[in-house]
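Be aware that the sequence shown starts at 0, since it is given in numbering that gives the first Met the number 0, and climbs by one per residue.
No residue lacks a Cβ here, since even glycine has one placed at the ideal position from N, Cα and C.
What follows is a short report on a single structure.
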Amino acid sequence: MADYCYGEMSARACVQVFDVEVHSTSGESDDDPGTGIYEEDVLCTSSESEDDSDFDDRDESPPCPPFTPESPRDGEDLVDDVASLLDGKGIGNVLGGEAALSIMGVPLIPHFTAFIIPDEQIDQAAQVLRDAQYPRLQGFGPMLVSGLIMPLAGPLPPEDPFYMATSDARLYRPSLWGGRVMPNCRGRRNKKSYPVKILHPARYMENLVYLMVRDIGYLVCNGWQAELKCMLSFSPLLPSANLALAAIDVELEDVQDGPIRDWLGLHQIWDNNEAAICVRFAALHRHWKKSGLLGEPLMTPREAKGVSPRDIEKCLRNMEEGKPPSVALEESGWTCQLM
């Protein structure tokens with residue numbers, strides 16, 4: 000794994016993310032021969048496993064020729080179509096949010112599809128998707144720590160330390176064999192599907208912690224916290240995890256050595272460390288803020304007018320006393336709805 004240091008990162012997160020929504024195409028046949036708008040020669044990589052999900056399409060016929068759908072499709076087709084479209088235009092893109100978590104192994108219901116796009120290409124990406132008749136685009140602002148370099152458009156290089164394809168053999172594969180409890184998630188994609196890029200699960204966790212620290216005191220912080228709790232609940236990172244449900248293959252040793260790993264390690268004995276978790280979290284915020292590493296927090300228009308530095312300071316002081324910050328999770332509207 001490449002060695003990178005959060006202490007050497009610039010203050011500005013270098014990417015933005017947008018949300019794509021399409022109406023359900025329930026009236027269309029599931030047997031429609033169109034399978035995407037991607038090229039045949041980028042369907043799989045040499046590191047892919049020959050073992051596919053029990054739910055994969057076993058048709059071994061060659062994929063259909065690339066085409067442009069007459070109207071945007073939904074579900075997993077949407078993910079393939081958008082990634083392929085952006086790659087084809089040379090626009091860097093990484094799948095994030097609930098859809099990425101479901102592919103990693105979290106049994107949740109994705110309510111939206113979000114792609115992370117470099118700042119300098121966000122306007123181009125929005126125009127490309129508008130031209131392809133996608134009805135709604137919503138920018139969320141910076142959502143990736145600047146130490147994570149965005150991948151170039153197209154297939155990933157072998158052994159990329161930051162990103163993986165959604166068909167990567169290291170991802171969870173839903174299977175009815177062996178009598179295991181099976182989380183109801185999307186899981187690893189068929190190797191014939193388009194190689195959509197996602198963050199490596201350990202990098203995703205690190206990025207979530209960074210976003211939580213940056214956005215402490217704002218409602219969106221609860222969204223990052225909900226995603227992190229989902230990942231912790233369905234990975235073997237914590238000793239108390241139910242290994243039968245640990246679909247995400249990431250352990251504490253996979254997290255970059257440093258303050259984020261130290262903070263996550265405190266969760267291993269939650270009952271005794273709840274106060275320490277809060278105290279260390281506030282210390283991370285103060286240290287990164289003083290070092291110029293956090294950048295501007297993500298906030299709603301109402302928060303931009305109503306939340307003052309004094310409010311953020313109150314949250315930090317609460318945590319330094321071993322208490323949770325004042326904004327309740329249920330107030331945020333950001334939850335991971337598990338199956």
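Measure the Cβ-Cβ separation of residue 184 and residue 245 and say whether it is below 8 angstroms. Residue 184 sits at position 185 when you count from the first residue of the sequence shown. Residue 245 sits at position 246 when you count from the first residue of the sequence shown. Not closer than 8 angstroms, so no.
N-terminal and C-terminal residue of the beta strand (DSSP E) that residue 113 is part of: Along the sequence shown, one-based indexing puts residue 113 at 114. Element bounds for residue 113: 112-117.
Please list, in chain order, all residues of the same chain as residue 61 whose beta carbon is under 6 angstroms from its beta carbon, the five residues on each side excluded. Residue numbering aside, residue 61 sits at position 62 when the sequence shown is read from its first letter. With a pLDDT of 44 at residue 61, under the threshold of 50, the modelled position of that residue is not reliable, and no figure is offered here.
Grab the span of the alpha helix (DSSP H) containing residue 211 for me, first residue to last. Numbered from 1 along the sequence shown, position 212 holds the residue referred to as residue 211. 200-213 is the extent of the alpha helix (DSSP H) around residue 211.
Cβ atoms of residue 217 and residue 306: under 8 angstroms apart, would you say? Here the question's residue 306 lines up with position 307 in the sequence shown. Here the question's residue 217 lines up with position 218 in the sequence shown. Yes. Within cutoff.
Evaluate contact between the stretch 272-281 and the stretch 310-321, counting only Cβ atoms and requiring at least three cross-stretch pairs below 8 angstroms. yes
Taking three-plus beta-carbon pairs below 8 angstroms as touching, is the stretch 187-197 in contact with the stretch 226-239? No, the stretch 187-197 is not in contact with the stretch 226-239.
Run through DSSP, which three-state label would residue 89 get? Looking up residue 89 in the sequence shown gives position 90. Here residue 89 sits in coil by DSSP.
C-alpha gap between residue 165 and residue 205, whole angstroms: Against the sequence shown, residue 165 aligns to sequence position 166. Against the sequence shown, residue 205 aligns to sequence position 206. Rounded to the nearest whole angstrom, the CA to CA distance from residue 165 to residue 205 is 19 angstroms.
My parser needs the alpha helix (DSSP H) runs of 4 or more residues fully inside the stretch 218-273; what are they? 219-232, 258-264
Nonlocal neighbours in the same chain, by C-beta distance under 6 angstroms from residue 96, ignoring five residues either side: Taking the sequence shown and counting its residues from 1, one reaches residue 96 at position 97. So the list reads 113, once near-sequence residues are dropped.
Residue closest to residue 225, alpha-carbon to alpha-carbon, out of 107, 88, 78, 190: Residue 225 sits at position 226 when you count from the first residue of the sequence shown. The candidate whose alpha carbon is nearest that of residue 225 is 107.
Own chain, CB closer than 7 angstroms to residue 324, minus 5 neighbours either side, in chain order: By 1-based counting over the sequence shown, the position of residue 324 is 325. The beta carbon of residue 324 is closer than 7 angstroms to those of 215, 216, 314, 317, 318 in its chain, skipping five residues each way along the sequence.
Residue 202 versus 157, 151, 260, residue with shortest Cα-Cα distance: To locate residue 202, count along the sequence shown from 1; it is residue 203. It is 260.
For residue 95, write down the residues that DSSP places opposite it in a beta bridge. Within the sequence shown, the letter at position 96 stands for residue 95. Residue 95 pairs with 113.
Between which two residues does the beta strand (DSSP E) containing residue 164 stretch? For the purposes of this step, residue 164 is taken as the residue at position 165 of the sequence shown. It spans 162-164 - the beta strand (DSSP E) in which residue 164 sits, taken as one unbroken run.
Euclidean distance between Cα positions of residue 87 and residue 115: Reading the sequence shown from its first residue, position 88 is the one you call residue 87. Reading the sequence shown from its first residue, position 116 is the one you call residue 115. Roughly 16 angstroms between the two C-alpha positions.
Go ahead and label residue 199 buried or exposed: buried means 16 or more other beta carbons lie within 10 angstroms of its beta carbon, across all protein chains shown. Your numbering for residue 199 matches position 200 in the sequence shown. That one is buried.
Which one of 267, 77, 310, 248 has the shortest CA to CA distance from residue 110? Here the question's residue 110 lines up with position 111 in the sequence shown. That would be 77, whose Cα lies nearest to the Cα of residue 110.
Would you please state the rounded distance, in angstroms, between the beta carbons of residue 84 and residue 127? I believe it to be under 8 angstroms. Working through the sequence shown from its first residue, we reach residue 84 at position 85. Working through the sequence shown from its first residue, we reach residue 127 at position 128. The pair is a contact, with the Cβ atoms about 6 angstroms apart (cut-off 8 angstroms).
Helix or strand or just coil, what does DSSP make of residue 107? In the sequence shown, counting from the first residue as 1, residue 107 sits at position 108. Strand at residue 107.
Starting from residue 125 and walking both ways along the alpha helix (DSSP H), at which residues does that stretch end? For the purposes of this step, residue 125 is taken as the residue at position 126 of the sequence shown. Unbroken alpha helix (DSSP H) run through residue 125: 121-130.
Short check: CB of residue 150 to CB of residue 162, under 8 angstroms? As a position in the sequence shown, residue 150 is number 151, starting the count at 1. As a position in the sequence shown, residue 162 is number 163, starting the count at 1. Yes, the pair counts as a contact, with Cβ atoms nearer than the cut-off.
From the DSSP output, read off the bridge partner residues of residue 197. Residue numbering aside, residue 197 sits at position 198 when the sequence shown is read from its first letter. In DSSP, residue 197 forms a bridge with 94, 163.
How far does the alpha helix (DSSP H) with residue 305 in it extend, from its first residue to its last? Position 306 of the sequence shown, counting from 1, holds the residue named residue 305. Run containing residue 305: 300-305, per the alpha helix (DSSP H) assignment.
Check whether the Cβ atoms of residue 223 and residue 207 sit closer than 8 angstroms, and answer yes or no. Within the sequence shown, numbered from 1, the residue matching residue 223 stands at position 224. Within the sequence shown, numbered from 1, the residue matching residue 207 stands at position 208. Result yes, Cβ atoms of residue 223 and residue 207 sit closer than 8 angstroms.
Considering only residues of the same chain and omitting the five flanking positions on each side of residue 298, which have a CB-CB separation below 6 angstroms? Within the sequence shown, the letter at position 299 stands for residue 298. Non-local C-beta neighbours of residue 298 in its own chain, meaning closer than 6 angstroms and more than five positions away in sequence, comprise 217, ordered along the chain.
How many Å lie between residue 79 and residue 188 at the Cα? For the purposes of this step, residue 79 is identified with residue 80 of the sequence shown, where counting begins at 1. For the purposes of this step, residue 188 is identified with residue 189 of the sequence shown, where counting begins at 1. Taking the straight line from one Cα to the other gives about 10 angstroms.
For residue 170, does the three-state DSSP call read helix, strand or coil? Counting from one through the sequence shown, the residue named residue 170 turns up at place 171. Here residue 170 sits in coil by DSSP.
In the DSSP assignment, find the alpha helix (DSSP H) that holds residue 311 and state where it starts and stops. The residue given as residue 311 occupies position 312 in the sequence shown. 308-319 is the span of the alpha helix (DSSP H), which, as asked, contains residue 311.
For residue 105, is the classification buried or exposed, using 16 other Cβ atoms within 10 angstroms of its Cβ as the cut-off for buried? Here the question's residue 105 lines up with position 106 in the sequence shown. Buried, since its Cβ has 16 or more Cβ neighbours within 10 Å.
Same chain, Cβ closer than 8 angstroms to residue 81, five either side skipped, listed in chain order: To locate residue 81, count along the sequence shown from 1; it is residue 82. 19, 92, 112, 114, 128, 133.
Please state if the CB of residue 262 and the CB of residue 363 are separated by a distance shorter than 8 angstroms. Because residue 363 is not part of the residues shown, which for the chain are 0 to 338, the question remains open.
From residue 167 to residue 131, what does the alpha carbon distance come to, in whole angstroms? Residue numbering aside, residue 167 sits at position 168 when the sequence shown is read from its first letter. Residue numbering aside, residue 131 sits at position 132 when the sequence shown is read from its first letter. Between residue 167 and residue 131, the C-alpha separation is close to 28 angstroms.
Residue 77 in three-state terms, based on DSSP: As a working note, residue 77 is residue 78 in the sequence shown. Residue 77 sits in a helix when the DSSP states are folded into three classes.
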